[in-house]
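Enquirer: Please read through the structure below; I'll follow up with questions.
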Amino acid sequence: MTHDCSFLEALDLEDDQVSVAAGRRESHADDFGTEGSGRGALPDAVVYPERTADVAAVLEAATERGVPVTPYAAGTGLEGNAVPARGGISLDLTRMDAVVDYRPDDFQIDVGPGIIGSAVDEHVAPDGLFFPPLPSSGDISTIGGMIATDASGMQTVRYGEVADWVLGLEAVLADGTVIETGSRASKTSSGYNLTDLLVGSEGTLAVVTEATLELAGRPEQIRGGRAIFETLDDAAEAIAEAVRTEVDVAKIELVDGLSARMANRYLGSDLPDAPMVFLEFHANHGIETEIDLCRTIFEGHDVRQFETSADEAAMADLWEARRELAYAMRNYEPDLRPLHPGDVTVPISSYPEIVREVKRLADEHDLLVPCYGHAGDGNLHYSPLVDPDDPEQLERGERVYKEIVDLAIDIGGTATGEHGIGQGKRAYLEPEHGAGAVDAMRSIKHALDPTGTLNPGKLFPETADGERVRKPDR
107 MTHDCSFLEA LDLEDDQVSV AAGRRESHAD DFGTEGSGRG ALPDAVVYPE RTADVAAVLE
167 AATERGVPVT PYAAGTGLEG NAVPARGGIS LDLTRMDAVV DYRPDDFQID VGPGIIGSAV
227 DEHVAPDGLF FPPLPSSGDI STIGGMIATD ASGMQTVRYG EVADWVLGLE AVLADGTVIE
287 TGSRASKTSS GYNLTDLLVG SEGTLAVVTE ATLELAGRPE QIRGGRAIFE TLDDAAEAIA
347 EAVRTEVDVA KIELVDGLSA RMANRYLGSD LPDAPMVFLE FHANHGIETE IDLCRTIFEG
407 HDVRQFETSA DEAAMADLWE ARRELAYAMR NYEPDLRPLH PGDVTVPISS YPEIVREVKR
467 LADEHDLLVP CYGHAGDGNL HYSPLVDPDD PEQLERGERV YKEIVDLAID IGGTATGEHG
527 IGQGKRAYLE PEHGAGAVDA MRSIKHALDP TGTLNPGKLF PETADGERVR KPDR
């Protein structure tokens with residue numbers, strides 16, 4: 107479906123802020139998760155707002171004319187969150203990348219949605235501060251995108267997810283109304299918590315134009331390392347016990363042998379072909395006590411090797427291997443591609459169970475299924491590798507993927523711990539939350555965006571066939 111976007115010419119925008127060129131439109135048709143899958147969609151125009159007033163003007167005019175608007179930034183999403191599924195306008199927020207205000211004495215910074223996450227850390231580093239919940243892709247993804255999906259990363263086990271570090275937002279509703287949520291105070295009991303409502307809403311309720319983020323002091327002591335285990339089950343059980351024992355660990359990542367082989371082939375690294383746990387400890391004092399406690403727990407699960415170091419270069423190599431696994435998966439076998447990016451999260455006591463089930467299903471269906479993740483918070487990444495030209499193998503891959511998500515939900519977990527619902531996980535929204543909760547979500551969507559302007563085709567299962575979001579019958 108195409109939309110007439112000629113009304114953009116009448117708005118107070120510069121010529122270089124609007125493009126209908128084929129190349130620009132094509133570059134906004136996909137995100138990382140949909141590239142090459144055929145699930146992308148061309149927008150009719152790309153707009154580059156540079157200030158909140160630009161966003162408000164575009165949304166007001168688009169809503170009046172029934173033209174969809176899909177927020178876009180770095181395009182690093184994995185579930186088609188920023189794909190303009192119904193055409194219309196791709197609203198590229200990357201020019202809104204300024205540090206608006208910085209208050210180191212309050213541990214706060216105000217930034218535009220287009221700023222890259224690592225740029226925030228670079229800005230505040232001279233004052234010994236950092237933004238703790240950055241995901242693994244923090245050096246290529248934007249703060250706005252992280253807020254849209256309530257992203258989290260390797261340090262979630264200690265520091266929490268992005269929502270825990272957002273104090274307030276400036277955002278624009280579908281009709282162009284600019285709102286401010288939250289407070290610079292460390293706590294508030296005033297009114298509805300609109301900040302938390304917008305965080306994780308994937309651009310379906312409003313477009314964030316500025317965020318007030320909380321910062322933390324950098325720890326004085328940092329040690330990183332890895333533990334090598336005899337079996338994957340030993341590694342998963344050791345992680346679960348370490349977390350239950352409340353070992354003060356900042357990162358605790360599971361990497362199976364297949365993932366290690368993928369990293370080695372892609373990076374030329376020399377990781378052992380064995381199940382591993384990557385670790386990082388943060389403290390201002392007494393860090394060796396926590397390391398010793400973790401070592402003792404791991405020794406009870408047949409750990410073959412446990413090593414830590416304060417050497418920054420060694421730690422950088424370790425975490426590079428973990429960060430690059432998504433690319434390593436894509437490049438492991440020329441005839442195979444990852445089917446879907448799994449990111450289930452389960453209660454920590456159930457972590458060994460979900461890991462075992464991934465490997466059981468992989469063996470049962472004769473598929474390569476790498477298995478890794480932010481294990482300390484119960485997060486598991488997996489993706490069946492399949493030949494896209496083999497219908498029977500595709501069917502097996504889909505079955506494996508679905509059974510893992512179904513199990514995660516059945517044992518009290520979630521279909522998505524950090525990637526969001528987007529296009530890819532709409533079928534799991536109701537099984538996870540129930541029909542009543544999803545109806546409540548639809549009602550909120552209708553109240554804030556009654557015409558379905560913002561990011562249609564996402565979250566709700568009924569939008570899959572092009573139906574506009576509607577208020578459910580009561």
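Letter by letter, the sequence shown follows residues 107 to 580 in the numbering used here.
Just so you know, even glycine gets a beta-carbon here, dropped at the ideal spot from N, CA and C.
Would you mind sorting T255 into buried or exposed? The rule is 16 or more other CB atoms within 10 Å of its CB.
Expert: By the neighbour-count rule (16 or more Cβ atoms within 10 Å), T255 is buried.
Enquirer: So for Q123, helix, strand or coil by DSSP?
Expert: Helix at Q123.
Enquirer: Compare the Cα-Cα distances from H471 to each of V164, R502, E308 and report the closest residue.
Expert: When each option's Cα is compared against that of H471, the closest is R502.
Enquirer: Does DSSP put Q499 in a helix, a strand or coil?
Expert: In the structure shown, Q499 sits in a helix (DSSP, three-state: H, G or I).
Enquirer: Can you tell me the Cα-Cα spacing of L101 and Y507, whole angstroms?
Expert: Nothing can be reported for residue 101: it is not among the residues displayed for the chain, which extend from 107 to 580.
Enquirer: Throw me the rounded Cβ distance for the H407 and A344 pair, which I believe falls under 8 Å.
Expert: Indeed, because the Cβ distance is near 4 Å, the residues count as touching under 8 Å.
Enquirer: Is I355 near L377, with beta carbons less than 8 Å apart?
Expert: Reading the sequence as shown, one finds Val at residue 355 and not Ile. Going by C-beta atoms, V355 is not nearer than 8 Å to L377.
Enquirer: Compare the Cα-Cα distances from D211 to each of R410, S292, V152 and report the closest residue.
Expert: The candidate whose alpha carbon is nearest that of D211 is S292.
Enquirer: For P494 and V475, which I take to be in contact (beta-carbon distance under 8 Å), what is that distance rounded to the nearest angstrom?
Expert: About 16 Å; that fails the 8 Å criterion.
Enquirer: What residue from E326, M368, G223 has the CA that sits closest to P440's CA?
Expert: Of the candidates E326, M368, G223, the one whose C-alpha sits nearest the C-alpha of P440 is M368.
Enquirer: Roughly how far, in whole angstroms, is the beta-carbon of P458 from the beta-carbon of D339, given that I think they are within contact range, below 8 Å?
Expert: About 6 Å separates the two Cβ atoms, so the contact holds.
Enquirer: What residues match up with Y178 in a beta bridge as DSSP calls it?
Expert: DSSP, once it has assigned bridges, lists D198 as partnering Y178.
Enquirer: When you compare the stretch 226-234 with the stretch 270-289, are there three or more beta-carbon pairs, one atom per stretch, that lie closer than 8 Å?
Expert: Cβ pair count under 8 Å is below three, so no.
Enquirer: Please name the residue in T140, S143, E347 whose C-alpha comes closest to that of T402.
Expert: For the residues T140, S143, E347, the minimum Cα distance to T402 belongs to E347.
Enquirer: Taking contact to mean at least 3 C-beta pairs separated by less than 8 Å, is the stretch 162-174 in contact with the stretch 136-145?
Expert: Judged by Cβ distances under 8 Å, the stretch 162-174 makes no contact with the stretch 136-145, as fewer than three pairs qualify.
Enquirer: In three-state DSSP terms, what is K357?
Expert: Note: K357 maps to strand in three-state DSSP.
Enquirer: Return helix, strand or coil for H446, following the three-state DSSP convention.
Expert: Note: H446 maps to coil in three-state DSSP.
Enquirer: Output needed for R576: all residues of its chain with C-beta closer than 6 Å, excluding positions within five of it in sequence on either side, in chain order.
Expert: Confidence in R576 is poor, its pLDDT being 44 and thus under 50, which makes the residue's placement unreliable; the coordinate value appears in the next sentence. No residues qualify anywhere along the chain.
Enquirer: Among all the DSSP beta bridges, which residues are the ones paired with G331?
Expert: Answer is L385, T414, bridged to G331.
Enquirer: Count the other CB atoms, across all protein chains shown, that sit within 10 Å of the CB of H391; report buried if there are 16 or more and exposed otherwise.
Expert: Exposed: under 16 other Cβ atoms inside 10 Å.
Enquirer: State the CB to CB distance for the pair G479 and L360, rounded to an integer number of angstroms; the pair is presumed to be in contact (CB under 8 Å).
Expert: Confirmed, about 6 Å.
Enquirer: Over what stretch of residues does the alpha helix (DSSP H) that includes D207 continue unbroken?
Expert: It is not in any alpha helix (DSSP H) - D207 instead sits in the beta strand (DSSP E) that spans 205-209.
Enquirer: Helix, strand or coil for F566 per DSSP?
Expert: In this structure, F566 counts as coil in the three-state DSSP scheme.
Enquirer: Quick check: the stretch 173-187 against the stretch 239-253, are at least 3 beta-carbon pairs closer than 8 Å?
Expert: Touching, yes, given that three or more Cβ pairs across the two stretches are closer than 8 Å.
Enquirer: The alpha helix (DSSP H) with V475 in it runs from where to where?
Expert: Unbroken run through V475: none, as it is neither H nor E.
Enquirer: By DSSP, does G482 sit in helix, in strand, or in coil?
Expert: If DSSP states are grouped into helix, strand and coil, G482 belongs with the helices.
Enquirer: Would you please state the rounded distance, in angstroms, between the beta carbons of P567 and L535? I believe it to be under 8 Å.
Expert: That belief holds up - the Cβ atoms of P567 and L535 are roughly 6 Å apart, short of 8 Å.
Enquirer: Would you check if there are 3 or more beta carbon pairs closer than 8 Å linking the stretch 290-304 to the stretch 259-267?
Expert: Contact between the stretch 290-304 and the stretch 259-267 is absent, because fewer than three Cβ pairs lie under 8 Å.
Enquirer: Is it buried or exposed for T140, if we count other Cβ within 10 angstroms and need 16 for buried?
Expert: Label assigned to T140: buried.
Enquirer: P149 and G194 look like a contact to me (Cβ under 8 Å); what is the Cβ gap, rounded to whole Å?
Expert: P149 to G194, Cβ: 6 Å. Contact.
Enquirer: I need the boundaries of the beta strand (DSSP E) containing E326, first residue and last residue.
Expert: Neither: E326 is in no beta strand (DSSP E) and is coded neither H nor E.
Enquirer: Which whole-angstrom value describes the C-beta separation of A167 and I249, a residue pair presumed to lie in contact below a C-beta threshold of 8 Å?
Expert: Their Cβ separation, rounded to whole angstroms, is 26 Å, which puts A167 and I249 out of contact at 8 Å.
Enquirer: So the candidates are H552, G186, V173, R131; which of them puts its Cα closest to the Cα of R145?
Expert: Nearest C-alpha to R145: G186.
Enquirer: By the DSSP assignment, the alpha helix (DSSP H) with L399 in it spans what residues?
Expert: 393-405 is the span of the alpha helix (DSSP H), which, as asked, contains L399.
Enquirer: Distance check for L319 and K357, CA to CA, integer angstroms please.
Expert: Whole-angstrom Cα-Cα distance: 21 Å.
Enquirer: In this structure, what does DSSP give as the bridge partners for Y488?
Expert: DSSP output for Y488 lists G448, C477 as bridge partner(s).
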